[in-house]
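To keep things clear, I will list the structure first and then write my remarks on it.
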Amino acid sequence: MTTFTNARLVDVAGERPGWLRLEGERIAAVGDGDPPPAGDEMAVGVVVDCAGGYLTPGFLDIHCHGGGGASAEDGPDAIAPALAVHRSHGTTRIVLSAVSAPIAELAQTLAGLADLAERDPLVLGSHAEGPFLAHGRKGAHDPSALRAPTPADVDELVAAARGTLRQVTLAPELPGGLAAVHQLVAAGIRVAVGHTEVDYDGARAAFDAGASILTHAFNAMSPLLHRAPGPVAAALEAGHVTLELVLDGVHVHPAAALVLLRAAPGRVAFITDAMAATGMGDGSYRLGALDVEVSGGVALIAGTETIAGSTLTLDAAIRFAVASGVSLVEAVTAATHAPARALGEESRLGRLAPGYAADVVVLDPALEVTQVWADGTRLR
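Read in order, the letters of the sequence shown correspond to residues 760 to 1139 in my numbering.
Pasting the structure below:
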């Protein structure tokens, strides 16, 4: 049993002073003021004095390619450095993202990530970002791997992941795109619209067909214009859609981020889109089949000005959001409850409430991570 005292509790329900108690892998109790005695029949356990700092739910990243020099494609036994980097920054649950590759190669990556998810409950599964993407909006994806979806391709990827494929990003305007949306949704997999040339009407059709996520809003898609509002406006209008946002000061201007947060309260999910360089220094790296150069923490495809993921962590996204004028409650919600909702996990993840997973993060007044707990175990 672990009890956190002298804390400012922050989650989707708001900010308030109080305490929180973990028992095993669940939150047992939450309250205001000082915690009541645990009872004579129970061991006192560990008491964590938060010293007036913040206590939040564990962060949840639904779109992360790697970190610590490792990528999802490196295999389940090589990804540990990436998990360690993100967990040290408060991410207690993660979906690992694979970039576009030939179907057989991508299926092998998803199978490896399924192995990892089966032995590590903090890994929620995988995200196939491609290969069903538009060439004109390919971003940092190998153009030779891009293709229109077929039912057989979709079946192969779903089967390889053995029930752990949580999200697929695709361009719905491709031949067979809407059929793939229906096929994936029927298999219980979230479909994200992204890396796409789709217009407003086409995006609305995809969301009506069951797509429920917009992959890194504003990036790798048609822009939001007053006569051609594109997929961003379609996502804002569709109340079931979560809008991913890479808030690192590079991918999206803070003013554009504020537009999303104000227009879709509770539906914007901070993601890192982090690649292998996260937690490392500047230098040369790989993202799938492509060479990437990182300078000043900004990752670009070698020899181009094309962004190749990020070196972001979710705690940094929260700090950037607050510095940009977002409330702490909104920022924490975007790193916890909103991504949990995107995956249909909001009944067990992303809140400080009894019965929820024992995933919590202690932040100091400057919003720097000081402790991280997941499933009731201290990770940092």
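Even for Gly, the Cβ is constructed at its ideal location relative to N, Cα and C. Predicted model, so just to flag it, every value in this text is computed and none were measured.
DSSP state of Ile853 mapped onto helix, strand, coil: Residue state, collapsed to three classes: strand.
Segment contact, 8 Å Cβ cut-off, at least three pairs: the region 816-829 with the region 1085-1105: Verdict: yes, contact present.
Through-space distance from Met1039 to Val1057, alpha-carbon basis: Here the alpha carbons of Met1039 and Val1057 stand approximately 12 Å from one another.
Closest residue to Gly1109 among Val769, Pro794, Asp1032, Val913 (Cα-Cα distance): From the listed residues Val769, Pro794, Asp1032, Val913, the smallest Cα separation to Gly1109 is found for Val769.
Own chain residues within Cβ distance below 7 Å of Glu832, not counting five before or after: In its chain, beyond the 5 residues on either side, Ala857, Thr868, Gly1047 have a beta carbon closer than 7 Å to the beta carbon of Glu832.
Val1085 beta carbon less than 8 Å from that of Leu984: No, these two residues do not count as a Cβ contact at 8 Å.
Sub-8 Å separation of Ser981 and Val1009 beta-carbons: It is not a contact, given that the beta carbons lie outside the stated cut-off.
Close beta carbons around Asn978, own chain, < 6 Å, minus the five adjacent residues each side: Closer than 6 Å at the Cβ level, and outside the excluded window around Asn978, lie His1010.
Residues bridged to Gly1042 [DSSP beta-bridge criterion]: For Gly1042, the beta-bridge partners assigned by DSSP are Val1053.
Inter-residue Cα distance where the pair is Tyr1115 and Leu929: Separation of Tyr1115 and Leu929 (C-alpha to C-alpha, rounded to the nearest whole angstrom) is 32 Å.
Which listed residue (Ala918, Asp1032, Glu1089) has its alpha carbon closest to that of Val771: Across the set Ala918, Asp1032, Glu1089, the C-alpha of Glu1089 shows the shortest separation from the C-alpha of Val771.
Under the three-state DSSP convention, the category Thr1070 falls into: When DSSP states are grouped into helix, strand and coil, Thr1070 belongs to the coil group.
Residues of its chain near Leu875, where Cβ-Cβ distance is below 6 Å and the 5 sequence neighbours each way are ignored: Correct list, in chain order: Pro835, Val882.
Inter-stretch contact at 8 Å, needing at least 3 Cβ pairs: the region 990-1002 / the region 967-976: Contact holds: three or more Cβ-Cβ distances are below 8 Å.
Presumed contact (8 Å Cβ cut-off) between Ala860 and Gly1068, rounded CB distance: Contact between Ala860 and Gly1068 does not hold, since their C-beta atoms are separated by about 15 Å, which reaches or exceeds 8 Å.
From Asp1032, Asp1050, Gln926, Ala1076, residue whose alpha carbon lies closest to that of Asp1007: Minimum Cα-Cα distance from Asp1007 among the listed residues Asp1032, Asp1050, Gln926, Ala1076 corresponds to Ala1076.
Leu781 - containing alpha helix (DSSP H), residue span: That residue, Leu781, is in no alpha helix (DSSP H); its beta strand (DSSP E) goes 773-782.
Assigned exposure category for Ala846 - 16 Cβ within 10 Å defines buried: Correcting the residue type first, residue 846 is Arg in the shown sequence and not Ala. With 16 or more other Cβ atoms from the protein chains shown falling within 10 Å of its own Cβ, Arg846 counts as buried.
Exposure label - Asp960; buried when at least 16 CB within 10 Å: Exposed is the label assigned to Asp960, since fewer than 16 other Cβ atoms lie within 10 Å of its Cβ.
Three-way DSSP call (helix, strand, coil) for Glu800 in this model: Interpretation of Glu800 is limited by its pLDDT of 40, a score under 50 that renders its predicted location unreliable; no figure is taken from the coordinates.
Classification of Ser830 by the beta-carbon crowding that lies within 10 angstroms, buried from 16 upward: Within a 10 Å sphere around the beta-carbon of Ser830 sit 16 or more other beta-carbons, which makes this residue buried.
Opposing strand residues paired with Tyr959 [DSSP bridges]: None, per the DSSP bridge assignment.
Reduced DSSP category for Glu1064 - H, G, I as helix; E, B as strand; rest coil: In the structure shown, Glu1064 sits in coil (DSSP, three-state: anything other than H, G, I, E or B).
Spatial neighbours of Glu800 in its chain, beta-carbon cut-off 6 Å, leaving aside the 5 residues before and after: Confidence in Glu800 is poor, its pLDDT being 40 and thus under 50, which makes the residue's placement unreliable; the coordinate value appears in the next sentence. Same-chain partners within the cutoff: there are none.
Ordered list of alpha helix (DSSP H) runs contained in the region 917-991, each at least 4 residues: Annotation note: the region 917-991 contains the following uninterrupted alpha helix (DSSP H) runs of length 4 or greater, listed N- to C-terminal: 936-945, 959-967.
Spatial neighbours of Ala841 in its chain, beta-carbon cut-off 6 Å, leaving aside the 5 residues before and after: Once the five neighbours on either side are set aside, the close Cβ partners of Ala841 are Gly825, Gly826, Gly827, Ala829.
Environment of Ser903 [buried if 16+ CB atoms lie within 10 Å]: Classification of Ser903: exposed, given that the 10 Å Cβ count is below 16.
Inter-residue spacing [alpha-carbon to alpha-carbon] between Ala1022 and Ala1028: Each residue's Cα considered, the two are about 13 Å apart.
Contacts around Cys809, its chain only, beta-carbon distance under 6 Å, and the 5 residues preceding and following it disregarded: Setting aside the 5 residues that flank it on each side, Cys809 is surrounded in the same chain by Phe763, Asn765, Ala766, Val1121, each with a C-beta closer than 6 Å to its C-beta; the list follows chain order.
Simplified DSSP assignment, three categories, for Glu807: Looking at the sequence shown, residue 807 is not Glu but Val. Correct three-state label for Val807: strand.
Proximity to Ala839 [Cα-Cα], best of Ile821, Ala863, Asp879, Gly849: That would be Asp879, whose Cα lies nearest to the Cα of Ala839.
Contact belief for Thr1031 with Thr1092 at Cβ below 8 Å, rounded distance in angstroms: Their Cβ separation, rounded to whole angstroms, is 17 Å, which puts Thr1031 and Thr1092 out of contact at 8 Å.
Inter-residue CB distance, Gly1135 and Ala1117 (contact presumed, cutoff 8 Å): Contact between Gly1135 and Ala1117 holds, with the beta-carbon distance rounding to 4 Å and staying under 8 Å.
Under 8 Å between C-beta atoms of Leu916 and Ile862: In contact: Leu916 and Ile862 (Cβ atoms closer than 8 Å).
Val805 classed as buried or exposed, judged by whether at least 16 other C-beta atoms fall within 10 angstroms: With fewer than 16 Cβ atoms within 10 Å of its Cβ, Val805 is classed as exposed.
Minimum C-alpha distance to Leu1049 - residue among Gly1042, Ile1060, Gly1055, Asp1041: The shortest Cα separation from Leu1049 among Gly1042, Ile1060, Gly1055, Asp1041 belongs to Ile1060.
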